[in-house]
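Only one structure is covered here, and it is reproduced in the block below.
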Amino acid sequence: MIYKIISSYKLMIFLFAILAVGAAIGTFIENDYGSARAKELVYNAWWYQLTFFIASLNLVVVIDKTKMYRLKARTLFHVAFIVILFGAAVTHYFGLDGMMHIREGEQSNVIRIGDKEVKTPFYIALKDFTLTRYPGSRSPSEFSSDVTVIDELNNKKFDAQIYMNNTLVYGGYKFFQTSYDTDEKGTQLSVNKDPGVEITYIGYALLFLGLILNLFDKKSRFQYLISKMKKMPIASLLLPLVFVALQTPLKAATYGEYIDGYLQEHREKSKALSEAFGTLVVQGPVGRMKPLDTQNREVLSKLTGRGSWEGMDANQVVLGMFSRPDIWKKVNLIRIKTPKLREKLGVKANQKLVKFTDFFDSNGSYKLTAEVERANLLVPSKRGTYERDLIRADERLNIAFMSYRGVLLTLFPLKNNERNKWVDFKTMFATSDDSKIKRSTSRLLDDAYNRQYDKGFAYIEDIRAYQKKIGKSVYPDEKKLAVELWFNTLSLFFKLSMAYLLFGLVLLVYGISSMFNNRLISAKVKIVVSSVAFVLFAMHTFGIALRWYIGGYAPISNTYETMVYIAYASVLAGVFFLRKSTIALSASFMMAGIFIFAAYLGEIDPEITNLVPVLKSYWLSVHVSVITASYGFFGVGAILGLITLILFMLRREARPHIDTHIKNIRHINEVALTLGLTLLVIGNFLGGIWANESWGRYWGWDPKETWAYISILVYVMVLHLRLIKSWYSVYLFSVLSVLAFFSILMTYFGVNFYLAGMHSYATGDPVPIPNWVYITSGVVLAMMALAYPKRKLNKQKEK
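Residue 578 in numbering that gives the first Met the number 0 sits at position 579 of the sequence shown, and the numbers go up by one each step.
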């Protein structure tokens, strides 16, 4: 009886559900009460660890009951989870994890673990602490500790260097560079002693090997589904693509005869001079050397949320703001979102852009001083929509102010500066003894002020020559500058998003109509569609390669870059794994288009930045690329689930062939989810290796990693539900493939934007959930209801 219960698939699903729901609740507890409380009530609680133990026991019994050991690959990765859990238990109960603080010229053997102290049998002496910053900024680039290990018991003494992603291992202890004292004369090292590391890494190796072999094992479920896909009918169509999508310009406002006349002349005549101005090199706020064109685009995007303003590009706008601030302060240039903030500023309720002068009253006092101070006092999780808009508007106001004063135009390298700092116009005039650069700069500004746009080109070249001469140690490669300028003009990813959406929509409409009419197409058309798909994929690959070349690192370090990469993974899934199905191909392209298009909405910043020290590791490229690639496959699965629901709605007695297509899409969907889960599991555990090698822990129950773990559990339940025959149906699988994707959205977006702050402490009002959540949820629920099958699928043989 006990054996029967323990070996139950229903128990397995129940245990996974407890683990997932418990972890989800834990993230909310951590947000409101701190990580210690979350660990006490959930992650380290007896009931949660008991659930892990029973789940492991269930897995062992299921392996025995089903004689899974006959299938080596499947057994390998299932057993790996048990090995990993055992290694984690050894680490948790017998390991050590604490901090060691050492000042320069001193030594220590004391590890602090909370309120306790543990002494090592040897000493670590700090000879020197070094902090390197990015050129011209306070942002750390690298920090390291030069130490000496002193072991009198074993008569050993040697020097070592500890820095981010480079550890010191001695005597069973591992030392990681974590932080430093504010005066930069002391170091903070995290220290751990992990007796379970070998067991855990063996489990990781078995897991990776088993998951990969499972994809190629002829007896695996995955290969069975692939064999089904090879026999499926295909329906496809190609229509012309609108490749270039132009943004709809904002309706030009009127500001009076003089200002309107100036704006018209500036729009028509300043193009060439502004373009040349944009080719100069600027030192960004965090030290990245880049074309001024890039920074100007970032400034305009932050101010207005758009790539152009009233027919002017970013270079024209920024040059105008600096040369004629008296005029540009009186034009609508700063974006605000909430009606309440518009009311505070005294502008129209539907006005999206406001003037710089709108933020000040008749006495020149800032209207929002008290409101901004109150909003900033709130912890980020307690800020509502109004507070967030208020803080962002205040930030945009400061960006505008710095643009009017030219503070961001750090075009001039300081002579003999150890930090290679570049400064703005005002500082250059105050510190430089170079009369030529002062004269050229003054004449350039005079020409821009007097609207003599045909002049000034020679003065820009004088500034460029000065940059190359004085700032040669950090001046970028000319070829890389030219590539970045060209990349800026392409707007490649936005155009790709339009092409993906159109191409995917066309394929979807035709594919469903073909299924409806039970129609196939010629091989020639299929070849054309595949060719277009490969061309778009190649262009996406080219765009990512360009951004990699420009930034100098894999472009997966921020939200914008990972969204572009998820889109890339979606297309990769369609082109290389699912291209035999028109519906699957359309789903992958639509998901790619949606993700890239979403990257250009809201507050997502496409800026290429310098990496923080912890991200300067090859693990960044491996871990992030694998784990975010899985999101693309899951997105394709969600779209396929929605398409299946549509087909359920189209079922009629007179169209029995639709049942065949539903089953076929179910197989494709399961392939997509299997690939996604494989990548998500591998990526997640690669992240554990990175974390352990970089800062001494595999897992910290951080909300981001916790929701990735929840997503794994969710998709494991979705894919294993077929084992419970009394519960499973194609309809249920399709619904769950859609609903499961909300766990990915929570992992990717929700943790950052919507996990916390269900109420605003400033107003006491609930923080509104975004409208798209309500709309999407309503559409999915409506489709679920309308698609609910009134009869079972036909049992005819699948083609």
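C-beta atoms are modelled at their ideal positions from N, C-alpha and C, and glycine is treated no differently.
On a predicted model such as this, the values are computed, not experimentally measured, just so you know.
Let me make sure I understand the geometry here. Which of the options has the alpha-carbon closest to that of residue i?
i: Val804; options: Ser733, Arg341 and Ser219; result: Absent from the model: residue 804. The displayed extent of the chain is 0 to 798, so no value can be given.
i: Tyr179; options: Asn154, Leu205, Ser143 and Glu394; result: Ser143
i: Leu500; options: Leu577, Ile112 and Ala591; result: Ala591
i: Glu141; options: Pro120, His91, Phe128 and Glu151; result: Phe128
i: Val353; options: Pro338, Val534 and Lys270; result: Pro338
i: Leu571; options: Tyr697, Val117, Ser629 and Asn449; result: Ser629
i: Tyr403; options: Val117, Gly573 and Thr356; result: Thr356
i: Lys192; options: Tyr697, Met782 and Ile12; result: Tyr697
i: Ile511; options: Leu413, Val563, Glu105 and Arg654; result: Arg654
i: Asp789; options: Phe13, Phe647 and Ile593; result: The amino acid occupying residue 789 in the given sequence is Lys; Asp does not appear at that position. For the residues Phe13, Phe647 and Ile593, the minimum Cα distance to Lys789 belongs to Phe647.
i: Asp312; options: Asn295, Ile398 and Ala637; result: Asn295
i: Val527; options: Trp547, Ile549 and Thr581; result: Thr581
i: Lys479; options: Tyr365, Ser273, Arg578 and Lys289; result: Lys289
i: Thr627; options: Tyr32, Ala566, Tyr599 and Leu649; result: Ala566
i: Val298; options: Phe215, Glu394 and Met67; result: Glu394
i: Arg463; options: Glu29, Met98, Met562 and Ala275; result: Ala275
i: Leu744; options: Tyr465, Ala637, Ala369 and Gln48; result: Ala637
i: Gly185; options: Thr253, Lys724, Leu125 and Val422; result: Leu125
i: Val41; options: Tyr68, Ile24, Arg132 and Lys66; result: Ile24
i: Gly209; options: Ile681, Arg650 and Lys64; result: Ile681
i: Leu58; options: Tyr559, Met11, Asn43 and Ser728; result: Met11
i: Leu212; options: Ile123, Phe76, Lys343 and Arg418; result: Phe76
i: Phe594; options: Ala369, Tyr122, Gly202 and Phe748; result: Phe748
i: Lys343; options: Val371, Asp461, Tyr727 and Val109; result: Val371
i: Phe411; options: Phe174, Leu340, Ile436 and Val713; result: Ile436
With 16 as the cutoff for other CB atoms within 10 Å, does residue i come out buried or exposed?
i: Lys467; result: exposed
i: Glu267; result: exposed
i: Ile774; result: exposed
i: Trp689; result: buried
i: His91; result: exposed
i: Leu262; result: buried
i: Phe321; result: buried
i: Lys525; result: buried
i: Gln115; result: Contrary to the premise, residue 115 reads as Lys rather than Gln in this sequence. Exposed: under 16 other Cβ atoms inside 10 Å.
i: Ser710; result: buried
i: Leu785; result: exposed
i: Trp327; result: buried
i: Gln246; result: Because the pLDDT of Gln246 is 41, which lies under 50, any placement of that residue in the model is unreliable, and the question is left without a value.
i: Phe242; result: With a pLDDT of 34 at Phe242, under the threshold of 50, the modelled position of this residue cannot be trusted; read the value that follows with caution. Classification of Phe242: exposed, given that the 10 Å Cβ count is below 16.
i: Glu669; result: buried
i: Phe52; result: exposed
i: Gln451; result: exposed
i: Val534; result: exposed
i: Glu197; result: exposed
i: Thr488; result: exposed
i: Pro765; result: Note that Pro765 scores 42 on pLDDT, short of 50, meaning its location in the model is unreliable and no value can be drawn from it.
i: Thr762; result: Low confidence applies here, because Thr762 scores a pLDDT of 37, under 50, leaving its location unreliable; read the following figure in that light. Result: exposed.
i: Gly756; result: Residue placement at Gly756 is poorly supported in this model, since its pLDDT is 40, which falls under 50; the coordinates are not used for a value here.
i: Val508; result: exposed
i: Leu237; result: Caution applies to Leu237, whose pLDDT of 30 falls short of 50 and renders its modelled position unreliable; the value that the coordinates give is listed next. Buried, since its Cβ has 16 or more Cβ neighbours within 10 Å.
Let me check one thing: in DSSP terms, what residues is residue i bridge-paired to?
i: Lys155; result: Asp150
i: Ser143; result: Thr129 and Tyr162
i: Pro412; result: Trp421
i: Ser178; result: Gln187
i: Ala124; result: Gln106 and Thr147
i: Ile333; result: Val353
i: Phe359; result: Tyr365
i: Gln282; result: Met288
i: Tyr169; result: Tyr172
i: Lys192; result: Leu95
Inset, instruction - Mind the definition here: the stretch 655 to 666 touches the stretch 698 to 711 only if three or more C-beta pairs lie below 8 Å; say whether that holds. - result: no
Legend entry - Stretch-stretch touch, CB-based, cutoff 8 Å, three pairs: the stretch 535 to 554 with the stretch 486 to 493: yes
Inset, instruction - Could you name each continuous beta strand (DSSP E) segment of 3 residues or more that falls completely within the stretch 38 to 122, going from the start of the chain to the end? - result: 95 to 102 and 106 to 112
Inset, instruction - May I have a chain-ordered list of the beta strand (DSSP E) segments no shorter than 3 residues that lie completely inside the stretch 284 to 317? - result: 288 to 290
Inset, instruction - Report yes or no: do the stretch 632 to 650 and the stretch 724 to 741 share at least 3 C-beta pairs separated by less than 8 Å? - result: yes
Legend entry - Inside the stretch 436 to 486 only - alpha helix (DSSP H) runs reaching at least 4 residues: Counting whole runs of 4 or more residues, the stretch 436 to 486 contains the alpha helix (DSSP H) stretches 456 to 469.
Legend entry - Contained alpha helix (DSSP H) runs [length at least 4] in the stretch 520 to 560, N- to C-terminal order: 522 to 550
Legend entry - Unbroken stretches of the beta strand (DSSP E), 3 residues or longer, contained in the stretch 693 to 755: none
Legend entry - At least 3 beta-carbon pairs within less than 8 Å: the stretch 202 to 218 vs the stretch 69 to 80: yes
Inset, instruction - Check whether the stretch 8 to 22 touches the stretch 715 to 723, taking contact to mean three or more Cβ pairs, one atom from each stretch, closer than 8 Å. - result: Cβ pair count under 8 Å is three or more, so yes.
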